[in-house]
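Let me begin by presenting the structure, written as structure tokens, before commenting on it.
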Amino acid sequence: MWNPFDSSRSNKPRILLLADKRAWAYDHCAHSLIRHLGDHYAFDLRYVRDNPRLNLSSYDLLYVYFWGEDYHLRFPQHGVRVIKEVSSHRWEDDPRYGPCTPAAFADKYLADATAVICTSQRLFGLLQGVRPELHHVPNGYDERLFRDLGRRSGGLVIGWAGNRADQVKRVAELLEPAAMGYRLITADGKRSRRRMNVFYNDIDVYAIASHHEGTPLPLLEAMAAGCFPVCTDVGVVPEIIVHGENGLIVEPTPEAFRRAFAWCRDNLAAVRAAGARNATLIQSRSFGRTSQVFGDILQHVVSLPRPKK
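Here the sequence shown is numbered in UniProt numbering, starting from 1 and rising by one per residue.
Set out below in structure tokens:
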């Protein structure tokens, strides 16, 4: 059977993308990378969940999406160049991985990396100096799927999407108490991405109450669909939200979220107008734009000498 990601006959640089599982954030990012840069690189995509056998000698570069992944180390490295992506802060406080200082994090989880990519300026700043090849590359959303349908009406609707069992998200702790008396709708990871665009267009405010984030893709997608964000100061939030203009950045308390939601309710026309503008403003974070930066880094790392076997 023909495999659209099979690059065995290609003369282009060969890159193996290693994601955790299908139909989740890293998988979406990998497919976007393939779609936008497939003319320049021969990509293969594998999933740790499938326990694949990896012949790393066949590749010029291995791109590991999760910084804590060590599955690839089970196989002979054959001097393959490795990029590891750092797109979360779980190493700072999650007992499964830390807590670690930046230096200890690099020693424990990034020692195999030829280069490290950080998807937020916050992470890039934290890790400055811990690895010689450290790069900031903003993540993006799929501009084909997420857009403003221009159909919002009625009263204020607040939304959130993700894994509510993840305590970092603080849905039960902060978001739900703050949203009492308002219409709050949530979405888990079981909806198709096309249905997610409908979900975003059914809400006015997209809320993030997380303790920490890197680049939460639902935030980018929601803004592309015309939402007004109300968020704690995490990850890329200060990079894409100007408080009081295209969203609100609030303290991590139910009271602060309640005040923000009340303001949105009382200024709903302004909220919807700002959300409509967000659909245009956030286009700089579409994968069509950010993939160009990814391409520059891939070209750079492929040109580096191979690590010693």
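Glycine included, each C-beta is placed from N, C-alpha and C at the ideal position.
Take the alpha-carbon of R277 and the one of G68: they are about 37 Å apart. For V86, the uninterrupted beta strand (DSSP E) run begins and ends at 81–86, by DSSP. The shortest CA-to-CA distance from K190 to any of A178, Y206, V168, R164 is the one to R164. Runs of the alpha helix (DSSP H) lying entirely within the region 107–168 and spanning at least 4 residues, in chain order: 121–126. Secondary structure within the UniProt domain "Glycosyl transferase family 1" (189–263): the beta strand (DSSP E) runs of 3 or more consecutive residues, fully enclosed, are 205–208, 228–231 (chain order). Bridge partners of Y47 according to DSSP: A19. Distance from the CA of G295 to the CA of Q121, rounded to the nearest whole angstrom, comes to 19 Å.
By the Cβ neighbour-count rule, R22 is exposed, with fewer than 16 other Cβ atoms within 10 Å of its own. For G235 against E213, the beta-carbon gap comes to about 4 Å, under 8 Å, which counts as contact. Cβ contact annotation for S32 (same chain, cutoff 8 Å, sequence separation greater than five): G140, D142, F287, S291, in chain order. Between P216 and S87, the alpha-carbon positions lie close to 9 Å from each other.
Burial is judged here by how many other beta carbons sit within 10 angstroms of a residue's own beta carbon; N197 has at least 16 and is buried. Linking L219 to D94 through their CA atoms gives a straight-line distance of about 22 Å. DSSP lists no beta-bridge partner residue for V171. The straight-line gap separating the alpha-carbon atoms of A115 and W263 is approximately 44 Å. No Cβ-Cβ contact shorter than 7 Å links A279 with D107. Using a Cβ distance threshold of 7 Å, V230 and V205 count as a contacting pair.
Cβ atoms of I185 and I208 stay farther apart than 8 Å, at about 15 Å. For the 7 Å CB-CB criterion, L62 and V80 form a contact.
Linking H72 to A274 through their CA atoms gives a straight-line distance of about 45 Å.
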